[in-house]
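First up is the structure itself, then whatever we jot down about it.
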Amino acid sequence: MEDASRREPLLEARGLVKEFASPTGDVIRAVDGVDFAVHRGETLALVGESGSGKSTTARMVLRLLPPTRGSVTYHLLEEGSDRRHPVDILKMPPRQLRPLRRHFQMVFQDPMASLNPRMSVGAALAEPLVIHGLARTRSERRERVAQLLDMVGLPPSAAAQYPHELSGGQKQRVGIARALATGPELIVADEPVSALDVSIRAQIINLLMDLQERLRLAYLFIAHDLALVRHISHRVAVMQTGRVVESGPTQEVFESPSHPYTRALLAAIPRIRGQ
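So the number in the numbering used here is just where the residue sits in the sequence shown, counting from 1, plus 78.
Set out below in structure tokens:
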């Protein structure tokens with residue numbers, strides 16, 4: 079893979095801070111000055127224990143949660159050009175931000191977070207196409223829905239099904255297909271396999287990796303499973319109590335961790351006897 083440090087990033091987060099007020103009136107800083115960049119075609123994993131701030135960070139990157147301060151800059155392609163221009167989405171009014179959301183999407187831990195139980199799979203996949211004006215006729219929408227289902231390994235007949243008729247793995251495939259519908263360059267995946275059976279996790283991870291290779295997607299991958307992170311990510315950023323305490327290429331961080339917290343996390347990974 080091309081050295082990410084020598085390429086223009088697709089996404090840059092700088093000085094992200096998120097503060098919450100506690101019931102007693104104290105200020106709780108959940109995210110404290112986080113910086114990172116994600117490049118096209120790579121996976122950056124944000125890892126840490128529960129409460130480290132990684133999921134809060136993910137939601138701020140998509141402006142699903144307003145940060146207290148900081149910047150989130152996307153380098154978006156100019157229309158009809160191969161040139162990119164920087165856009166700080168935290169400074170944009172909602173009306174200007176809305177059409178840009180097609181470029182960055184999210185896959186949730188619980189696929190039902192992005193699915194309406196009253197909508198068929200086909201309708202759920204067609205909805206973002208309608209919102210962003212990407213398929214104006216019914217036949218165009220049907221064709222694109224069939225294409226999306228095929229991309230995630232589901233049969234065309236799945237379009238007529240409802241979420242309650244699907245298995246957990248199938249629901250997550252639909253969630254991934256919905257995220258792909260608008261043709262994004264970046265997908266934020268927040269613990270996308272942690273709620274699935276072990277037997278299904280590898281299938282979904284392999285699907286995500288295959289899609290990345292085919293579409294040159296960038297992933298911001300939120301996880302606590304370090305064995306999984308080592309398998310899927312190109313770079314890793316370790317979070318502890320709202321701060322990134324260590325970051326770098328995945329192999330370097332795993333083989334030569336510099337921060338005590340990183341070393342403690344790696345020491346907790348189950349190992350097969352003799353290895």
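Built from N, CA and C at the ideal position, the CB exists for glycine as well.
Remember, it's a predicted structure, so these values are computed and weren't measured experimentally.
So is alanine 237 in contact with chain D if we call contact Cβ pairs under 9 Å? Of the chains in the structure shown, none is chain D; there is only one protein chain.
C-beta contact flag for isoleucine 167 and threonine 151 at 9 Å: Contact flag set, yes.
Taking Cβ to Cβ, would you say valine 377 is nearer than 9 Å to leucine 140? Here the chain has residues from 79 to 353 only, and residue 377 is not among them.
Between serine 336 and glycine 119, what straight-line distance do the alpha-carbon atoms span, to the nearest angstrom? A straight line joining the alpha-carbon of serine 336 with that of glycine 119 spans about 27 Å.
In whole angstroms, give me the CA-to-CA distance for aspartate 188 and proline 338. Rounded to whole angstroms, aspartate 188 to proline 338 spans 32 Å at the Cα level.
Note down, one range per segment and in chain order, each alpha helix (DSSP H) of at least 4 residues found wholly within the stretch 197-224. Scanning the stretch 197-224 from its first residue to its last, the whole alpha helix (DSSP H) runs of 4-plus residues come out as 199-209.
Beta-carbon proximity check, methionine 184 vs alanine 257, cutoff 9 Å: Judged by beta-carbon spacing, alanine 257 lies within the 9 Å limit of methionine 184, meaning their Cβ atoms are closer than that value.
Backbone secondary structure at valine 230 - three-state DSSP: Here valine 230 carries a coil assignment [DSSP, helix/strand/coil].
Would glutamine 250 pass as a contact of isoleucine 209 if the rule is Cβ separation under 9 Å? Not closer than 9 Å, so no.
Can you list, in chain order, the residues of its chain whose CB lies under 7 Å from that of arginine 351, leaving out five sequence neighbours each side? Its pLDDT being 46, under 50, arginine 351 is placed unreliably by the model, and the measurement read from it follows with that caveat. Around arginine 351: no qualifying Cβ.
Aspartate 110 versus alanine 315: straight-line alpha-carbon distance, rounded: Using only the alpha carbons, I get a separation of about 14 Å.
Say whether the stretch 268-276 touches the stretch 218-225, bearing in mind that this needs 3 or more beta-carbon pairs closer than 8 Å, one atom from each stretch. Proximity of the stretch 268-276 to the stretch 218-225 falls short of the contact definition, fewer than three beta-carbon pairs being nearer than 8 Å.
Could you tell me whether the Cβ atoms of alanine 259 and glycine 200 are closer together than 9 Å? Here alanine 259 is not near glycine 200, since their CB atoms are 9 Å or more apart.
Rounded to whole angstroms, what is the Cα-Cα separation between serine 83 and methionine 287? With a pLDDT of only 40 at serine 83, under the threshold of 50, the placement of this residue in the model should not be trusted, and no figure is reported.
Compute the beta-carbon to beta-carbon distance between glutamine 248 and leucine 227, rounded to the nearest angstrom, for a pair I have assumed lies under 8 Å. Contact between glutamine 248 and leucine 227 does not hold, since their C-beta atoms are separated by about 10 Å, which reaches or exceeds 8 Å.
Out of Val95, Asn284 and Leu178, state which residue places its alpha-carbon closest to the alpha-carbon of leucine 155. Out of Val95, Asn284 and Leu178, Leu178 has the C-alpha closest to the C-alpha of leucine 155.
Status (buried if at least 16 other CB within 10 Å, exposed otherwise) for glutamate 324: Classification of glutamate 324: buried, given that the 10 Å Cβ count is 16 or more.
State the CB to CB distance for the pair alanine 296 and histidine 181, rounded to an integer number of angstroms; the pair is presumed to be in contact (CB under 8 Å). About 10 Å separates the two Cβ atoms, so there is no contact after all.
List the whole-angstrom C-beta distance separating aspartate 268 from phenylalanine 186, where the pair is believed to meet the contact cut-off of C-beta under 8 Å. Confirmed, about 6 Å.
Where DSSP assigns a beta bridge to glutamate 97, which residues make up the other side? In the DSSP secondary-structure assignment, glutamate 97 is bridged to Arg107.
Along the alpha helix (DSSP H) that carries tyrosine 339, what are the first and last residues, could you check? Annotation: the continuous alpha helix (DSSP H) that includes tyrosine 339 extends over 338-345.
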